[in-house]
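**Student:**
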Amino acid sequence: MEVTKDWNGIDQVVLRNPQGASVRVSLYGGQVTSWRSDRGEELLFTSSKAIFKPPKAMRGGIAICFPQFGNCGSLEQHGFARNKTWAIDENPPPSSPEDSHDKSFVDLLLKPSEEDLKCWPHSFEFRLRVALAADGKLKLISRVRNIDGKPFSFSFAYHTYLFVSDISEVRIEGLEILDYLDNTRQRERFTEQGDAITFESEVDRVYLHSPNAVAVLDHERKRTFVIRKEGLPDVVVWNPWEKKAKAMIDFGDEEYKQMLCVDAAVIEKPVTLKPGEEWTGSVELRLVPSTFCCEGIEDLSDFL
Ligand code: BG6
3 MEVTKDWNGI DQVVLRNPQG ASVRVSLYGG QVTSWRSDRG EELLFTSSKA IFKPPKAMRG
63 GIAICFPQFG NCGSLEQHGF ARNKTWAIDE NPPPSSPEDS HDKSFVDLLL KPSEEDLKCW
123 PHSFEFRLRV ALAADGKLKL ISRVRNIDGK PFSFSFAYHT YLFVSDISEV RIEGLEILDY
183 LDNTRQRERF TEQGDAITFE SEVDRVYLHS PNAVAVLDHE RKRTFVIRKE GLPDVVVWNP
243 WEKKAKAMID FGDEEYKQML CVDAAVIEKP VTLKPGEEWT GSVELRLVPS TFCCEGIEDL
303 SDFL
C-alpha cells in the first residue's frame, strides 16, 4: 500500500498486486477512482470533465452513497459520505482470512462531524475495506455500526461507473423478470420483461431483490464484468443518455456511450440498526474471459 497526494493535496492510497493490477482510492469520499487490470487497462469510467475538487463527488469510479441513496428529505443527493474526508483506519477490527489472504487492502473510517450530526443526528462508525486480490478482483466491504443511543435507518449504494466500449453493445444478465422502481417515472414500479437488459435510451432504475451475481457483458470489448454482492438486495442501473448528459457540467456530451452505472445497493427497504448493531454490505467486481461474452453466462450461480 502506497499513500500519495492527488493534485488537490488529498491523500490517496494505491494498491497493487504482483501481476501489475492496481486500485486507487481517494480519502475524499472513500471513493475508488481507478481500477486497472494487469494489462494496465482502466476498468472504471471517469468523465473527462470530472471535477476532482471538493465539495462535489468526482464523476466516475465507485462512490459511497450513504446514509441515503437518491434525493429525498433534507440530506444531500446520495448522502454526505461521498463528500467527506475519510481517515485511514489504524485499528481495524480483525478480519476473516478470506477477506485478507492474498490481498492488498486498505481500511478507511468515517465518523460523523458536528456538521453531519446537524443534518443526520445519528452517531455511527463506517468502516470501508478496499481490497485488490492476486487475481485482480476488486472487493469493497462496508461495515456500519450504530454507536448511538437510539436506532437509525439508512439506504446505501456503491455507485459504480463501469467503463464500456459502446453502450449499445452492452447487456446485463441477472436482472430478468425482476420488479424495478423507475426513477424517470417518480419511482413507479414495473416488472422487467426482456431476456437481458440492453440500452437505447435513458435508464434509471432500482431493481429489487436481485440475485447475488449480475453480469455486464461488453460485446465489443469481449469482456464481462461479474458483480457479486452480499447484504445488498437491490441493483441500480443508470445511463443518463444524450439529453441528461448534455445537462451535466461534469460529464461530456457523448460520454454516456462509454459508461454504465451498475450499483449494488440497499434502497427499497432501508437498513435499521439498533444501538450497538452492525451491518455489512460487500461487492466484488471481476472480469471473466471473453469466451463467456460470446455465449452469454448460462448460469450465474457459477460465480457465487
Ligand atoms: C444514479 C441515480 O445512481 O446516480 C440517478 O439513479 C442520478 O438518478 C445519478 O442522476 C447521478 O447522481 P449524481 O448525484 O452523482 O449526479
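As numbered in the working numbering, residues 3 to 306 make up the sequence shown, in order.
In this text, a Cβ means the ideal position worked out from N, Cα and C, and glycines have one as well.
Computed from a predicted structure; not experimentally measured.
Contact check, F71 vs I269 under 8 Å by CB: the rounded distance?
**Tutor:** In the sequence shown, counting from the first residue as 1, residue 71 sits at position 69. In the sequence shown, counting from the first residue as 1, residue 269 sits at position 267. With 8 Å as the limit, F71 and I269 qualify as a contact, their Cβ atoms being about 5 Å apart.
**Student:** Could you tell me which uninterrupted alpha helix (DSSP H) segments, each at least 4 residues in length, are contained entirely in the stretch 202 to 271, listed from first to last along the chain?
**Tutor:** Assignment of alpha helix (DSSP H) within the stretch 202 to 271, counting only whole runs of 4 or more residues, yields 243 to 249 in chain order.
**Student:** To the nearest angstrom, report how far apart P277 and L111 are at their CA atoms.
**Tutor:** Position 275 of the sequence shown holds residue 277. Position 109 of the sequence shown holds residue 111. If I take the Cα positions, the gap works out to 19 Å.
**Student:** If you drop the 5 nearest sequence neighbours on each side, which residues of the same chain put their C-beta closer than 7 Å to that of K55?
**Tutor:** Position 53 of the sequence shown, counted from the first residue, corresponds to residue 55. These residues qualify, in order along the chain: N10.
**Student:** Quick check on K141: does DSSP put it in helix, strand or coil?
**Tutor:** One-based indexing of the sequence shown puts residue 141 at position 139. It is a strand residue.
**Student:** Starting from K7, trace the beta strand (DSSP E) in both directions and tell me its first and last residue.
**Tutor:** Working through the sequence shown from its first residue, we reach residue 7 at position 5. Per DSSP, K7 belongs to the beta strand (DSSP E) from E4 to K7.
**Student:** Within a Cβ cutoff of 6 Å, which residues of the same chain sit near W240, ignoring the five residues on either side of it in sequence?
**Tutor:** To locate residue 240, count along the sequence shown from 1; it is residue 238. So the list reads D206 and C263, once near-sequence residues are dropped.
**Student:** Which residue's Cα is closest to the Cα of D101: I143, S36, T200 and T87?
**Tutor:** Your numbering for residue 101 matches position 99 in the sequence shown. The candidate whose alpha carbon is nearest that of D101 is I143.
**Student:** Let me make sure I understand the geometry here. Which of E256, G176 and E279 has the alpha-carbon closest to that of V238?
**Tutor:** The residue you call residue 238 lines up with position 236 of the sequence shown. If we check each option's Cα against that of V238, G176 comes out closest.
**Student:** Count the other CB atoms within 10 Å of the CB of E286; is the residue buried (16 or more) or exposed (fewer)?
**Tutor:** The residue labelled residue 286 in the question sits at position 284 within the sequence shown. Result: buried.
**Student:** Less than 7 Å separating the Cβ of N185 from some heavy atom of the ligand BG6?
**Tutor:** Stepping through the sequence shown from its first residue, residue 185 is reached at position 183. Yes; taking the cut-off as 7 Å, the Cβ of N185 has a heavy atom of the ligand BG6 nearer than that.
**Student:** Taking the alpha helix (DSSP H) that D118 falls in, what are its first and last residues?
**Tutor:** For this step, residue 118 is matched to residue 116 along the sequence shown. Note, D118: alpha helix (DSSP H), E116 to C121.
**Student:** Rounded to the nearest angstrom, what separates I64 and R223 at their Cα positions?
**Tutor:** In the sequence shown, counting from the first residue as 1, residue 64 sits at position 62. In the sequence shown, counting from the first residue as 1, residue 223 sits at position 221. Each residue's alpha carbon lies about 21 Å from the other.
**Student:** If you follow the alpha helix (DSSP H) that D40 is in, where does it begin and where does it stop?
**Tutor:** Walking along the sequence shown from the start, residue 40 turns up at place 38. Per DSSP, D40 belongs to no alpha helix (DSSP H) and is neither H nor E.
**Student:** Expressed to the nearest angstrom, what Euclidean distance is found between the alpha-carbon atoms of D118 and D255?
**Tutor:** Translated into positions along the sequence shown, residue 118 becomes position 116. Translated into positions along the sequence shown, residue 255 becomes position 253. Their Cα atoms are separated by approximately 34 Å.
**Student:** Regarding D236 and the ligand BG6, is the C-beta to nearest heavy atom distance less than 7 Å?
**Tutor:** Start at 1 with the first residue of the sequence shown, and residue 236 comes out as number 234. No, the Cβ of D236 stays beyond 7 Å of every heavy atom of the ligand BG6.
**Student:** Can you name, in chain order, every residue of its own chain whose Cβ lies under 6 Å from the Cβ of G1, other than the five neighbours on each side?
**Tutor:** Any property of residue 1 remains undetermined from this structure, which presents the chain solely from 3 to 306.
**Student:** Using the Cα positions of L17 and K105, report the straight-line distance between them to the nearest angstrom.
**Tutor:** Locating residue 17 in the sequence shown gives position 15, where the first residue counts as 1. Locating residue 105 in the sequence shown gives position 103, where the first residue counts as 1. Cα-Cα distance, rounded: 9 Å.
**Student:** Is it the case that the Cβ atoms of V218 and V172 are separated by a distance below 8 Å?
**Tutor:** Position 216 of the sequence shown, counting from 1, holds the residue named residue 218. Position 170 of the sequence shown, counting from 1, holds the residue named residue 172. Their beta carbons are under 8 Å apart, which means V218 touches V172 by this criterion.
**Student:** Less than 7 Å separating the Cβ of W122 from some heavy atom of the ligand BG6?
**Tutor:** Position 120 of the sequence shown, counting from 1, holds the residue named residue 122. Not under cutoff, so the answer is no.
**Student:** Taking V216 as the reference, which of I229, T193 and M250 has the closest Cα?
**Tutor:** Taking the sequence shown and counting its residues from 1, one reaches residue 216 at position 214. Looking at the Cα atoms, I229 is the closest of the given residues.
**Student:** Do F126 and R145 have their CB atoms nearer than 8 Å?
**Tutor:** What you label residue 126 is simply residue 124 of the sequence shown in a count that begins at 1. What you label residue 145 is simply residue 143 of the sequence shown in a count that begins at 1. Going by C-beta atoms, F126 is not nearer than 8 Å to R145.
**Student:** DSSP three-state call for N185: helix, strand or coil?
**Tutor:** On the sequence shown, residue 185 is found 183 positions in, with the first residue counted as 1. Here N185 carries a helix assignment [DSSP, helix/strand/coil].
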